[in-house]
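Read through the structure below, which is laid out as structure tokens, and then see the notes.
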Amino acid sequence: MACNWSPENATKAYIRTLKMETKETEPNAAEFISALAAGNNAQVMVAACAQKMVTPNLLALVSAAHQTGGHVTCIVPGREELQTSKRALKSDSKYVNFVIGDAGQLLLNEYKDADFFLVDCNLKNYEGIMSGMHAMRREKNGVILGCNAFCKGSTWQWSGLRTHLLPIGDGLLVTRFGGENGRDIRAGSKGVIKKSNWIVKVDKCTGEEHVFRVRSPRKLEIAAGL
13 MACNWSPENA TKAYIRTLKM ETKETEPNAA EFISALAAGN NAQVMVAACA QKMVTPNLLA
73 LVSAAHQTGG HVTCIVPGRE ELQTSKRALK SDSKYVNFVI GDAGQLLLNE YKDADFFLVD
133 CNLKNYEGIM SGMHAMRREK NGVILGCNAF CKGSTWQWSG LRTHLLPIGD GLLVTRFGGE
193 NGRDIRAGSK GVIKKSNWIV KVDKCTGEEH VFRVRSPRKL EIAAGL
């Protein structure tokens with residue numbers, strides 16, 4: 013995943029997702045997912061679900077992949093969930109590589125080099141799965157996004173992880189990996205660390221939620237050894 017945020021990719025993927033026809037009712041989450049993946053220029057996107065992945069969320073990744081030239085893989089627990097997901101996606105299912113298996117094992121092994129993860133918080137031990145993915149050493153940066161964060165029995169305070177809980181749809185958890193625990197550190201930046209913060213604003217007139225990504229520089233202090 014490229015370090016630079018691409019507003020153009022994010023905007024185009026967002027608009028493409030808006031235009032996709034679906035009977036589901038979670039457009040806000042889908043649009044955000046699409047913009048986040050495309051804006052980060054994600055190339056290898058992997059989704060893992062407890063049952064069938066919510067159709068708009070998969071369509072969001074498909075939309076982002078169209079924009080970045082990447083590809084989408086969806087891990088499902090069984091054949092029934094596979095068929096249900098394909099029927100829901102209709103013709104767009106051809107853009108998704110479906111894999112049947114244990115999400116935890118596959119995410120931490122087979123797909124550990126992906127640069128964008130969408131993980132269902134309804135998965136058993138999802139906290140351990142996401143913590144494990146975050147702890148892996150990788151050469152490139154990426155994003156781990158948890159959906160259904162407000163689900164019953166879900167806890168989102170993972171020990172040691174810098175995580176943002178966004179009140180979008182059924183709740184989204186965002187954390188980055190790579191660099192120093194997800195912080196963008198660039199060579200030649202004169203000791204400047206760029207941190208990302210998420211700000212949620214609600215339009216008082218329409219009730220719509222708007223999420224903004226704000227980066228603020230922070231000086232990196234290095235203690236000189238004797």
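One gets this note's numbering by counting positions in the sequence shown from 1 and adding 12 to each.
We put the CB at the ideal spot given by N, CA and C, even for glycine.
Close-in-space but distant-in-sequence residues of the same chain around residue i (CB under 7 Å, 5 per side omitted)
{"i": "residue 31", "result": "none"}
{"i": "residue 113", "result": "87"}
{"i": "residue 162", "result": "182, 183"}
{"i": "residue 54", "result": "13, 76, 80, 82, 127, 128"}
Straight-line Cα distance separating residue j from residue i
{"i": "residue 153", "j": "residue 49", "result": "12 Å"}
{"i": "residue 148", "j": "residue 141", "result": "11 Å"}
{"i": "residue 179", "j": "residue 27", "result": "21 Å"}
{"i": "residue 78", "j": "residue 129", "result": "17 Å"}
{"i": "residue 22", "j": "residue 117", "result": "30 Å"}
{"i": "residue 110", "j": "residue 72", "result": "16 Å"}
{"i": "residue 138", "j": "residue 131", "result": "8 Å"}
{"i": "residue 56", "j": "residue 43", "result": "18 Å"}
{"i": "residue 70", "j": "residue 20", "result": "21 Å"}
{"i": "residue 18", "j": "residue 133", "result": "28 Å"}
Continuous alpha helix (DSSP H) stretch holding residue i: start and end
{"i": "residue 141", "result": "138-147"}
{"i": "residue 49", "result": "39-51"}
{"i": "residue 112", "result": "Run containing residue 112: none in the alpha helix (DSSP H); it sits in the beta strand (DSSP E), 108-112."}
{"i": "residue 29", "result": "19-31"}
Limits of the beta strand (DSSP E) - the one that residue i falls within
{"i": "residue 162", "result": "From DSSP, residue 162 is part of no beta strand (DSSP E); its letter is neither H nor E."}
{"i": "residue 188", "result": "184-189"}
{"i": "residue 74", "result": "Looking at the DSSP string, residue 74 is not in any beta strand (DSSP E); the run it does join, the alpha helix (DSSP H), is 67-80."}
{"i": "residue 85", "result": "83-88"}
Pick from the options that is closest to residue i, judged by C-alpha positions
{"i": "residue 93", "options": "179, 20, 67", "result": "67"}
{"i": "residue 287", "options": "108, 20, 96", "result": "With the chain covering 13 to 238 only, the question about residue 287 has no answer from this structure."}
{"i": "residue 136", "options": "53, 61, 23", "result": "61"}
{"i": "residue 121", "options": "138, 84, 144, 133", "result": "144"}
{"i": "residue 80", "options": "52, 29, 41", "result": "52"}
Same chain, Cβ closer than 6 Å to residue i, five either side skipped, listed in chain order
{"i": "residue 105", "result": "98"}
{"i": "residue 29", "result": "42, 43, 46, 72, 75"}
{"i": "residue 25", "result": "46, 47, 50, 75, 76, 79"}
Proximity test, residue i beta-carbon vs the ligand ATP heavy atom, cut-off 7 Å
{"i": "residue 23", "result": "Ligands are entirely absent from the displayed structure, and the ligand ATP is therefore not among its contents."}
Close Cβ partners of residue i (< 8 Å) along its chain, the five nearest in sequence each way excluded
{"i": "residue 189", "result": "145, 146, 148, 150, 153, 154, 155, 156"}
Using 8 Å as the threshold, is the stretch 90-104 in touch with the stretch 122-137, meaning 3 or more CB pairs across them? no
Do the stretch 154-164 and the stretch 87-99 meet, that is, are 3 or more Cβ pairs less than 8 Å apart? no
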